[in-house]
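Worksheet for the structure shown next.
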Amino acid sequence: MKKMISKKKKMILAAMLAGVMSLGVVGGNVSYAATPAKALAAYSQMKQSSISELDNDTRVFKIDPSIEAKNVRFTNRFGFEVAGHLYLPKNFDASKQYKAVVVTGPFGAVKEQSSGLYAQELAKNGFVAMAFDPSMTGESSGSRRNMGSPEIFTEDYHAAVDFVSNLKFVNPNQVGAMGICGLSGMAITAAGSDSRIKAVATSAMYDMSESISDHYNGAYYTPEQRELVKKHIAEKRDEEAKTGKSIRGAHELGVDAKGNVETFDTMFPDNLPADASPVIKDFFGYYVGRAFHPRAINSNKSAWDAATPYGFFDFQLMSNIEELGNTPVLLITGDKAHSKYFSDNVYAKIKGPKEEIVVPGATHVDLYDQMDKIPFAKLVAFFNKNLQ
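Residue numbers for the sequence shown, in mature numbering (1 follows the signal peptide of the UniProt record, and there is no 0): -27 to -1, 1 to 361.
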């Protein structure tokens, strides 16, 4: 395993430095390949945005050579520059208007991982799709790195909708949003307030506010444990204030039997212990193994800023769930997913049109990239039906 990971790291880093990876293209007068990024940028009506060639391609999933992707940048209302990859459907024709979907996640991942795979599959089925890095992560801006924020990450969805709905080849009345894992709550929260989002889907949902502030590993905090966790976070924040340096730490904090708060400064070790749980093994196999990417917090020997839990203690995601009204919602989970109860709970709260797909035999991480488990046909049908 160690040699395999090392080889993958070298391959990706070499591609990042040399920028020599390229995609096959499909010919034809109306194909996307015939439209350079510079010309394509003329179709954007959003100020403080850009479209450029994806010359330095470090995506970790299987690339479909018939689908072109471009680098995009756009600014959210907090002033962060959000980085994305824009995927165009086969035989793209800029004179037409397409349905569009914006997608990000998992929490601590980058657009070159799972969200890019989902965006590519949507583009293969006729959508304009955009995967993006949340602010302060990946290639998105932010002098404070690896800081999670429920409000800013939700705003990133609004800004992504700003960008795609102001592309002349996108129908602004046919825009949807999707969240994977820990960005699912932000997608639903954004859909609750943003009338431009006509449908929202999630896959392998995690409600990060609940996961961070209410419990760890499925066990709800006692009042005493919550106070210990809050005290620990305060101490780390005070240390950051005194030193002026960002401190890495766990975003989900455990408390052991002796009352000690359990934390770490890197998401995963080089090698897992023999007694690692199946869930941890799944995460490790994805982030450190087959989908390693050096910019992903979950891959790169790093962790979130230790002050990250503050925002999730302060603000509960999806508190506006009743504001969804008649916005259709699709929740995808697996019957083997440790996170299934998040989707179940949200499904029960939604009063409007909703559907929950439980994939037989699928674990949480299976829904990141396992093509035989992710129900793409149903996802495509959902957006086609509801983006009208």
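Backbone N, C-alpha and C fix where the C-beta goes; we use that ideal spot for every residue, glycine too.
Exposure of residue i, with buried meaning 16 or more beta-carbon neighbours within 10 Å
| i | result |
| --- | --- |
| F257 | buried |
| residue 393 | In the structure displayed, the chain extends from -27 to 361; residue 393 sits before or after that span and is not available. |
| E85 | buried |
| I253 | exposed |
| Q361 | exposed |
| F51 | exposed |
| M151 | buried |
| Y193 | exposed |
| G165 | buried |
| G149 | buried |
| D339 | buried |
| S292 | exposed |
| K313 | buried |
| P79 | buried |
| T175 | buried |
| E212 | exposed |
| D28 | exposed |
| E183 | buried |
| G158 | buried |
| A350 | exposed |
| S168 | exposed |
Span separating the alpha-carbon of residue i from that of residue j
| i | j | result |
| --- | --- | --- |
| E235 | I206 | 12 Å |
| A132 | A67 | 22 Å |
| T336 | S22 | 37 Å |
| A163 | L156 | 11 Å |
| P301 | L352 | 12 Å |
| F47 | G111 | 14 Å |
| P251 | I153 | 20 Å |
| Y260 | Q343 | 14 Å |
| V137 | H58 | 11 Å |
| P145 | S39 | 25 Å |
| A321 | S186 | 21 Å |
| P282 | E225 | 8 Å |
| S(-6) | I170 | Confidence at S(-6) is low in this model, with a pLDDT of 35, below 50, so its placement is unreliable and no value can be given for it. |
| F241 | K141 | 43 Å |
| N93 | D129 | A small correction: the amino acid at residue 93 is Gln; Asn does not occupy that position in the sequence shown. Going by the C-alpha atoms only, they are around 20 Å apart. |
| K11 | F65 | 16 Å |
| P348 | G262 | 23 Å |
| V83 | D243 | 20 Å |
| G81 | V45 | 20 Å |
| A269 | A249 | 22 Å |
| G232 | Q147 | 51 Å |
| P107 | T127 | 9 Å |
| F53 | A354 | 33 Å |
| F265 | V33 | 7 Å |
| A247 | A223 | 22 Å |
| G217 | E208 | 14 Å |
| A230 | K20 | 54 Å |
| L245 | V134 | 40 Å |
Proximity test, Cβ basis, 8 Å: residue i and chain B
| i | result |
| --- | --- |
| T236 | Included in the structure is just one protein chain, with no chain B present. |
Integer-rounded CB distance, given that residue j should sit under 8 Å from residue i
| i | j | result |
| --- | --- | --- |
| M181 | L290 | 6 Å |
| V76 | A42 | Not confirmed; about 13 Å, so no contact. |
| S113 | A56 | 5 Å |
| G99 | P62 | 5 Å |
| V143 | I161 | Contact doesn't hold; Cβ gap of about 22 Å is too wide. |
| D30 | K97 | So it is not a contact: roughly 17 Å between Cβ atoms. |
Other residues of its chain near residue i: CB distance less than 6 Å, five sequence neighbours each side excluded
| i | result |
| --- | --- |
| N273 | P267 |
| R210 | A280 |
| G284 | S122 and P123 |
| L95 | V74 and A102 |
| Y91 | V76 |
| E26 | A10 |
| F286 | S186 |
| I319 | The residue asked about is misnamed: residue 319 is Val in this sequence, not Ile. If we look at V319 and ignore the five residues flanking it on each side, it has no Cβ neighbours. |
Same chain, Cβ closer than 8 Å to residue i, neighbours up to 5 away in sequence not counted
| i | result |
| --- | --- |
| R221 | N119, D238, T239, S275, A276, W277, D278 and A279 |
| N299 | G325 and P326 |
| H311 | G191, V252, T336 and H337 |
| K346 | G307, V332, G334, A335, D339 and L340 |
| F288 | P123, E124 and S182 |
| K203 | F286 |
| F356 | K72, V74, L95, F100, G149, A172 and A174 |
Heavy atom of the ligand NAP within 7 Å of residue i beta-carbon
| i | result |
| --- | --- |
| V33 | The ligand NAP is not among the ligands present in this structure, which contains no ligands whatsoever. |
Other residues of its chain near residue i: CB distance less than 7 Å, five sequence neighbours each side excluded
| i | result |
| --- | --- |
| E296 | G165 and S166 |
| Q198 | V228 |
| A14 | S23 and I24 |
| H188 | Y194 |
| F315 | M178, Y179 and D180 |
| V271 | It is worth fixing the name first, because residue 271 is Asn in this sequence and not Val. G81, A82, M240 and Y260. |
Task: Cβ pair count under 8 Å reaching 3, the stretch 57 to 72 against the stretch 117 to 124 - done: In short, these stretches do not touch, since the Cβ pair count stays below three.
TODO: Count the C-beta pairs between the stretch 317 to 335 and the stretch 294 to 309 that are closer than 8 Å, then say yes if the count reaches three, no if not.
DONE: With a cut-off of 8 Å, the stretch 294 to 309 and the stretch 317 to 335 count as touching, because enough Cβ pairs lie within range.
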